[in-house]
Amino acid sequence: MKKNTNTASLSVGCIIAAKIGKLTVLLLSMLIYSSKSEAQSTGTKATSAEMVGALHAAFGKHPNARAVHAKGLFFTGTFSPATSAKMLSHAPHLHHLTSSVIVRFSDFTGIPDISDTIGASNPRGMAIKFQLAGGKSTDIIAHSFNGFPVATTDEFREFLLNISKSGPEAQHPNAIEDFLGTHPIAKVFVTTQKPPSVSYGTLSYFGVNSFKFVNSKGSAAFIRYQIVPEAGEQFLTADEFKRLDNDYLSAEIKKRVAAGAVKFKLYAQVAESGDQVNNPSIAWPEDRRRVLLGTITITHLADNSLEKDKALVFNPGNLPAGIEIADPMVADRARLYPISVKERQQ
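This is the structure in structure tokens:
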């Protein structure tokens, strides 16, 4: 028997906010990208400062902490590309024999001491930094739910602000309940998260934003990332879950990596004609072709000091030649990230 700790009720604003915060994690993590993104016009009405303010309104502002996915752990390892990756992109890390990686697993929300055992800590996050030649890097940001609650940055801000107005003392229907009543995809996101997982290492993760892959011949394809554990997805029974403490995921992944390498397969799910590349709230059909990009092998616990946590930034817009942004939401995030990273240093 498996236990799902996410309530179907929409009456507890903090639970909803936490789930939504995962989105925040994505949004926040995708903020910076390149000077090209700064020049892009996405039609978003909210300013970068207003978006960062909405994140703090929903999850609170905590000293030195990330605005979302504040609780997490760094690990190091390697990435070995598959031969099939070369067919899609000429990006350097998809051609070299191996690249060093830094991986961060995390809980949702911007609360640094959130319990691993409550629904608000979902979806879980996985961020990967690939170390490239010449001191360069590229990043992937993913979470354990295949999809985003809303389609645009402005809708996301509205979503966050409604969360901030919907605490336990708010009258029902509260602001977030009203919002979810008119946004069915967001309601599905909030109410159908995965059951409690055995480990960060036994969850699949999804990059909900789309990217354009270009190969050495100039052929292009639109893709979204999927990260699948070699151990398979594993969830806890209700009895198992009752015996766990607030930091069980952190403790478990440390022991798991110390006992042996933890591996994930990195895939590119390839869009077909008619798939919505610009809308992260719409998951592509499961029968879309998946191309194996390679294997991520996690081998060591990294330096998790406050200094390292404040300094290390994962940015989905940090891209090498051969990969381009396809989802305009990432360009908005590129403008937000500098603000939120600066605040984390204070």
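If you count by our numbering, then the sequence shown holds residues 69 to 414, one letter each, in order.
Positions of the beta carbon are idealized from the N, C-alpha and C atoms, including for glycine.
Cβ-Cβ distance between residue 198 and residue 172 below 7 Å: Against the sequence shown, residue 198 aligns to sequence position 130. Against the sequence shown, residue 172 aligns to sequence position 104. It is not a contact, given that the beta carbons lie outside the stated cut-off.
Spatial distance of residue 116 from residue 223 (CA atoms): Walking along the sequence shown from the start, residue 116 turns up at place 48. Walking along the sequence shown from the start, residue 223 turns up at place 155. If I take the Cα positions, the gap works out to 14 Å.
Closer than 6 Å: residue 144 CB and nearest the ligand ATP heavy atom: With respect to the ligand ATP, the structure shown offers nothing to examine, as it has no ligands at all.
Alpha carbon of residue 284 to alpha carbon of residue 304, nearest angstrom: In the sequence shown, residue 284 corresponds to position 216, counting from 1. In the sequence shown, residue 304 corresponds to position 236, counting from 1. Near 45 Å, if we compare the C-alpha coordinates of residue 304 and residue 284.
Residue burial classification, residue 137 (beta-carbon count within 10 angstroms, cutoff 16): As a first step, residue 137 is located in the sequence shown; it is residue number 69 there, counting from the start. Buried.
Segment contact flag, the segment 146-154 with the segment 256-270, C-beta cutoff 8 Å, min 3 pairs: no
Contact check, residue 400 vs residue 110, beta carbons under 7 Å: Position 332 of the sequence shown holds residue 400. Position 42 of the sequence shown holds residue 110. Result yes, Cβ atoms of residue 400 and residue 110 sit closer than 7 Å.
Of the listed residues 188, 293 and 139, nearest to residue 336 (C-alpha basis): Counted from its first residue, the sequence shown places residue 336 at position 268. For the residues 188, 293 and 139, the minimum Cα distance to residue 336 belongs to 293.
Given 8 Å, three or more beta-carbon pairs between the segment 220-236 and the segment 246-253: yes
Nearest-angstrom beta carbon gap, residue 273 and residue 291 [assumed within contact, 8 Å]: The residue you call residue 291 lines up with position 223 of the sequence shown. The residue you call residue 273 lines up with position 205 of the sequence shown. Contact doesn't hold; Cβ gap of about 15 Å is too wide.
Rounded distance between the beta-carbons of residue 215 and residue 351, thought under 8 Å: For the purposes of this step, residue 351 is taken as residue 283 along the sequence shown, with counting starting at 1. For the purposes of this step, residue 215 is taken as residue 147 along the sequence shown, with counting starting at 1. 4 Å between Cβ atoms; contact.
Residue 224 in three-state terms, based on DSSP: Residue mapping note: residue 224 aligns to position 156 of the sequence shown, counting from 1. If DSSP states are grouped into helix, strand and coil, residue 224 belongs with the helices.
Proximal residues to residue 349 (C-beta, below 7 Å), its chain only, five neighbours per side dropped: For the purposes of this step, residue 349 is taken as the residue at position 281 of the sequence shown. Excluding sequence neighbours, residue 349 sits near 215, 216, 217, 218, 219 and 253.
Residue(s) in a DSSP beta bridge with residue 374: For the purposes of this step, residue 374 is taken as residue 306 along the sequence shown, with counting starting at 1. DSSP, once it has assigned bridges, lists no residue as partnering residue 374.
DSSP-derived helix/strand/coil call for residue 317: Within the sequence shown, the letter at position 249 stands for residue 317. Looking at residue 317 - three-state DSSP - the assignment turns out to be helix.
The segment 323-340 contacting the segment 367-377, beta-carbon criterion three pairs below 8 Å: yes
For residue 17, the nearest candidate out of 119, 127 and 276 (CA to CA): As displayed, the chain neither begins before 69 nor continues past 414, which places residue 17 out of reach and without an answer.
Span of the beta strand (DSSP E), counted from its first residue to its last, around residue 303: Position 235 of the sequence shown, counted from the start, is the residue given in the question as residue 303. No beta strand (DSSP E) holds residue 303; DSSP gives it neither H nor E.
DSSP three-state assignment for residue 206, whether helix, strand or coil: In the sequence shown, counting from the first residue as 1, residue 206 sits at position 138. Strand.
Boundaries of the beta strand (DSSP E) in which residue 149 is found, first to last residue: Locating residue 149 in the sequence shown gives position 81, counting from the first residue. Note, residue 149: beta strand (DSSP E), 140-149.
Burial state of residue 267 (16 or more Cβ within 10 Å): By 1-based counting over the sequence shown, the position of residue 267 is 199. Result: buried.
Extent of the continuous beta strand (DSSP E) to which residue 363 belongs: Along the sequence shown, read from residue 1 onward, the residue named residue 363 stands at position 295. Here the beta strand (DSSP E) through residue 363 covers 358-369.
Status (buried if at least 16 other CB within 10 Å, exposed otherwise) for residue 310: Here the question's residue 310 lines up with position 242 in the sequence shown. Counting Cβ neighbours within 10 Å, residue 310 comes out exposed, since fewer than 16 surround it.
Closest residue to residue 208 among 391, 131, 181 and 234 (Cα-Cα distance): Translated into positions along the sequence shown, residue 208 becomes position 140. It is 391.
Residue from 320, 271 and 356 whose Cα sits closest to the Cα of residue 342: Sequence index remark: in the sequence shown, residue 342 carries index 274 (1-based). Comparing Cα-Cα distances from residue 342 to each of 320, 271 and 356, the minimum goes to 356.
Pairwise C-alpha distance: residue 195 and residue 382: Reading the sequence shown from its first residue, position 314 is the one you call residue 382. Reading the sequence shown from its first residue, position 127 is the one you call residue 195. Computed Cα separation, rounded: 7 Å.
Contacts around residue 180, its chain only, beta-carbon distance under 8 Å, and the 5 residues preceding and following it disregarded: As a working note, residue 180 is residue 112 in the sequence shown. Excluding sequence neighbours, residue 180 sits near 130, 133, 138 and 139.
Where residue 257 falls: helix, strand or coil (DSSP): Counting from one through the sequence shown, the residue named residue 257 turns up at place 189. It is helical.
For residue 233 and residue 364, the rounded distance between their alpha carbons: Taking the sequence shown and counting its residues from 1, one reaches residue 364 at position 296. Taking the sequence shown and counting its residues from 1, one reaches residue 233 at position 165. Distance between the alpha carbons of residue 364 and residue 233: 40 Å.
Pick from 317, 270, 202 and 289 that is closest to residue 278, judged by C-alpha positions: Counted from its first residue, the sequence shown places residue 278 at position 210. Answer by Cα proximity: 289.
C-beta atoms of residue 178 and residue 135 nearer than 7 Å: As a first step, residue 178 must be located in the sequence shown, where it is residue number 110. As a first step, residue 135 must be located in the sequence shown, where it is residue number 67. Yes, the Cβ-Cβ distance between residue 178 and residue 135 is below 7 Å.
Candidates 162, 112, 119 and 124: closest to residue 389 by CA position: Sequence index remark: in the sequence shown, residue 389 carries index 321 (1-based). Among 162, 112, 119 and 124, the Cα nearest to that of residue 389 belongs to 162.
Buried or exposed (CB count within 10 angstroms, at least 16 for buried), residue 211: Residue mapping note: residue 211 aligns to position 143 of the sequence shown, counting from 1. When all chains shown are included, residue 211 counts as buried.
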